[in-house]
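Student: Taking UniProt numbering, the leading residue of the sequence shown gets 1, the next gets one more, and so forth. Just so it is clear, CB atoms sit at the ideal spot from N, CA and C, and this is done for glycine as well. Nothing here was measured: the structure is a model prediction, and the numbers come from that model. Below: one structure in structure tokens.
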Amino acid sequence: MIEISGLHKSFVGQDGSTVNALDDVNLTVNENEFLTVLGPSGCGKTTLLKAIAGLIGWDSGDIVIDGQPVRGPGPDRSMVFQNFALMPWATVLDNVAFGMRMRGVGKAEREERARTLIKTVGLSGFETKRPGELSGGMQQRVGIARALAVCPKVLLMDEPFGAVDEQTRRLLQEELLGIWEGQQLTVVFITHSMEEAVLLGDRVVLMSARPGRIAEIVPVPMARPRSHDIGAVGRSPEYVQITAYLWDRLRDMHEEHRDVRAGVTA
Ligand SMILES: Nc1ncnc2c1ncn2[C@@H]1O[C@H](COP(=O)(O)OP(=O)(O)OP(=O)(O)O)[C@@H](O)[C@H]1O
Numbered sequence: 001m002i003e004i005s006g007l008h009k010s011f012v013g014q015d016g017s018t019v020n021a022l023d024d025v026n027l028t029v030n031e032n033e034f035l036t037v038l039g040p041s042g043c044g045k046t047t048l049l050k051a052i053a054g055l056i057g058w059d060s061g062d063i064v065i066d067g068q069p070v071r072g073p074g075p076d077r078s079m080v081f082q083n084f085a086l087m088p089w090a091t092v093l094d095n096v097a098f099g100m101r102m103r104g105v106g107k108a109e110r111e112e113r114a115r116t117l118i119k120t121v122g123l124s125g126f127e128t129k130r131p132g133e134l135s136g137g138m139q140q141r142v143g144i145a146r147a148l149a150v151c152p153k154v155l156l157m158d159e160p161f162g163a164v165d166e167q168t169r170r171l172l173q174e175e176l177l178g179i180w181e182g183q184q185l186t187v188v189f190i191t192h193s194m195e196e197a198v199l200l201g202d203r204v205v206l207m208s209a210r211p212g213r214i215a216e217i218v219p220v221p222m223a224r225p226r227s228h229d230i231g232a233v234g235r236s237p238e239y240v241q242i243t244a245y246l247w248d249r250l251r252d253m254h255e256e257h258r259d260v261r262a263g264v265t266a
């Protein structure tokens, strides 16, 4: 379980001004939950994810995972980035095995696990290719396999399917859900897409415009498993109802933000 309480994070910009990225964020992510996070650009989603990953510090507040305070990165958490962040000079096999190598896993064992994961994400036969020889969707499959290779308890995904075409996105969504349904894994998944947030999530966290706060948490009580035909899930009445609700809330938030800004400048 991830428990985030009273989290504040500000940045000092290059011009010396302070940006409040997160303001009193309180959030609990349940064990094995698939949590999606939606919110306007710049509201602090990536900042929140990086803080959970232990990649950045924060000003005040706590992040506790299974009773242990987060003080930095750890083997219990893996991150998948939008721009894949693969090592361009290394093969698919070496990219997937990298984290295991860093943790001292022997060559034979790490290659065997890497091959299994490469198969899981549908890339068998591409083990010796380099990222530049792969499509965006294939590169993200490598990113997912690499993140899973270290057997994390928590998978942190920063808009992982934002850079791939619609059809590939759908396939990757189904594959990710299939992987998550088959193992013990807590996922925190950032997206710009309302549809994606509802199709994948157990709950959707709506963040408000800067400074980022949790505006609302919307449960998605649709049946699981959903991986077999995500298209059908997207045609269900519950899906239509929840996305319509989210759209209303996002529009309200946008208007509130615009009014606040107008008030400030008036
Ligand atoms: N290293 C940094 N230095 C200064 N400001 C930063 C830094 N990182 C983020 N910010 C600012 O903090 C705010 C939140 O950024 P963040 O990337 O978390 O937002 P986001 O919701 O993920 O945005 P997007 O949806 O566009 O990716 C933004 O105003 C951003 O400019």
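Flag this pair as touching only if the segment 96 to 111 and the segment 166 to 184 have three or more C-beta atom pairs under 8 Å; answer yes or no.
Tutor: Output reads no: the segment 166 to 184 does not touch the segment 96 to 111.
Student: May I ask you to report which of helix, strand or coil DSSP gives R77?
Tutor: Correct three-state label for R77: strand.
Student: Measuring only from the beta carbon, is R169 closer than 7 Å to any heavy atom that is part of ligand 1?
Tutor: No, the Cβ of R169 stays beyond 7 Å of every heavy atom of ligand 1.
Student: Considering only the beta carbon of each residue, do residue 284 and R115 sit closer than 8 Å?
Tutor: Nothing in the structure corresponds to residue 284, since the chain is present only between 1 and 266.
Student: For D62, which beta-bridge partners are listed by DSSP?
Tutor: Partner(s): S5.
Student: My assumption, with CB atoms under 8 Å, is that C43 sits in contact with M207. Please give the rounded CB distance.
Tutor: The Cβ separation is near 5 Å, so the contact holds.
Student: What's the call for M100, buried or exposed, on a 16-neighbour Cβ count within 10 Å?
Tutor: By the neighbour-count rule (16 or more Cβ atoms within 10 Å), M100 is buried.
Student: Can you tell me whether DSSP reads F11 as helix, strand or coil?
Tutor: Here F11 sits in strand by DSSP.
Student: Say the cut is 7 Å; is the CB of S135 nearer than that to a heavy atom of ligand 1?
Tutor: Checking every heavy atom of ligand 1 against the Cβ of S135, none is found closer than 7 Å.
Student: What does M207 pair with, by DSSP beta-bridge criteria?
Tutor: I214, per the DSSP bridge assignment.
Student: Please state the DSSP three-state secondary structure of I190.
Tutor: Note: I190 maps to strand in three-state DSSP.
Student: Compare the C-alpha of V205 against each of L38, G132, M1 and S193 and name the closest.
Tutor: Checked all of L38, G132, M1 and S193; the closest Cα to V205 is L38.
Student: Looking at V218 and R203, is the spacing between their C-beta atoms short of 8 Å?
Tutor: Cβ distance < 8 Å, so R203 and V218 count as in contact.
Student: Short of 6 Å in beta carbon distance, which residues of its chain neighbour P131, apart from the five on each side in sequence? Order them along the chain.
Tutor: The residues are L86, P88 and Q139.
Student: Check whether the Cβ of F11 sits closer than 7 Å to any heavy atom of ligand 1, and report yes or no.
Tutor: Yes, the beta carbon of F11 sits closer than 7 Å to at least one heavy atom of ligand 1.
Student: Less than 8 Å between C-beta atoms, sequence neighbours within five positions excluded: which residues of the same chain meet that for E195?
Tutor: Counting only Cβ-Cβ distances below 8 Å, and skipping sequence neighbours, we find G234 and T243.
Student: Roughly how many whole angstroms lie between the Cα atoms of E255 and R249?
Tutor: For E255 and R249, the distance between alpha carbons rounds to 10 Å.
Student: Count the C-beta pairs between the segment 66 to 83 and the segment 51 to 58 that are closer than 8 Å, then say yes if the count reaches three, no if not.
Tutor: Touching, per the Cβ criterion.
Student: Within its chain, find whatever has a CB closer than 8 Å to the CB of Q82; leave out the 5 residues flanking it on each side and keep chain order.
Tutor: Contacts found: D158, E159, P160, G162 and A163.
Student: Mind checking G201: buried by the 16 CB within 10 Å criterion, or exposed?
Tutor: Buried, by the Cβ-count rule.
Student: How about E3 and T28: do their beta carbons lie closer than 8 Å?
Tutor: Yes, Cβ-Cβ distance for E3 and T28 is below 8 Å.
Student: Between R103, L93, A197 and T47, which has its C-alpha nearest V142's C-alpha?
Tutor: Closest option to V142, Cα to Cα, is L93.
Student: Rank E238, H8 and A209 by C-alpha distance to the C-alpha of G61 and give the top, closest one.
Tutor: G61 has its Cα closest to that of H8, out of E238, H8 and A209.
Student: Once you ignore the five residues that flank A97 on each side, which residues in its own chain have a CB closer than 7 Å to its CB?
Tutor: Hits under 7 Å: R110, E111, A114 and A149.
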